[in-house]
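Q: Okay, handing you the structure first.
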Amino acid sequence: MQNNDLKDHVLATVSIDQFKSKLGKDENVVVVAIQVKDAEPAKDLSLFIEKGHDVVDVDTSPGPDDEGYYKVFVEVSRDQKLYTNIEKILNDVKRADNNVDTFMFTSYNVKDPQPFNKENFSGSVIESSYDYTIATNPEAQAISERIKFLNSY
72 MQNNDLKDHV
82 LATVSIDQFK
92 SKLGKDENVV
102 VVAIQVKDAE
112 PAKDLSLFIE
122 KGHDVVDVDT
132 SPGPDDEGYY
142 KVFVEVSRDQ
152 KLYTNIEKIL
162 NDVKRADNNV
172 DTFMFTSYNV
182 KDPQPFNKEN
192 FSGSVIESSY
202 DYTIATNPEA
212 QAISERIKFL
222 NSY
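Structure follows, in structure tokens:
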């Protein structure tokens, strides 16, 4: 893929951690969804991301959504490098579509788009598998609370 090959095809708002992983458990994998205007550019972007980045998997939606966009689903490991890995992917996407200056994102907890930066990301996306399990599993939350109580006893 060359510089600006996807000009005017990529939407500047991405979804982070709002879709279920196809290959891994949600506590271990974060799905980033990038919207693209046509099927072929979406496939090109999918291949570009898959070959050049540390990802679990990349896939393209089989058809357009209600607004006519195709989604490129990028699965990334939920670990201490999560923000850096997503940032690298988005920076390369900007090179593929120079009209995207800055990315906005929505997440599991934040439905209104916000600028993609470390501060917003850390406040909106759970980066640790352990923290994700505690936040999303009521049984794990109860065990965590009991342990905290016993430690303070």
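In the working numbering, each residue's number is its place in the sequence shown (first place is 1) plus 71. Glycine is no exception: its CB is placed at the ideal position from the N, C-alpha and C atoms.
(1) Under three-state DSSP, which class holds E190?
(2) Got a sec, what are the start and stop residues for the alpha helix (DSSP H) E48 sits in?
(3) Quick one: residues in its chain with C-beta nearer than 8 Å to the C-beta of V100, no 5 flanking neighbours on either side, listed in chain order?
(4) In three-state terms, what does DSSP make of D130?
(5) For D125, count neighbouring Cβ atoms within 10 angstroms of its own Cβ and tell me buried if that reaches 16, exposed if not.
(6) Among I197, E198, T173 and V196, which residue has its Cα nearest to the Cα of P186?
(7) Is there at least one Cβ from chain D nearer than 8 Å to V81's Cβ?
(8) Is the beta carbon of D168 sitting closer than 8 Å to the one on D109?
A: Put simply:
(1) helix
(2) Nothing in the structure corresponds to residue 48, since the chain is present only between 72 and 224.
(3) S92, L94, V127, E146, V147, S148 and R149
(4) strand
(5) exposed
(6) T173
(7) In the structure shown, chain D cannot be found, because there is only a single protein chain.
(8) no
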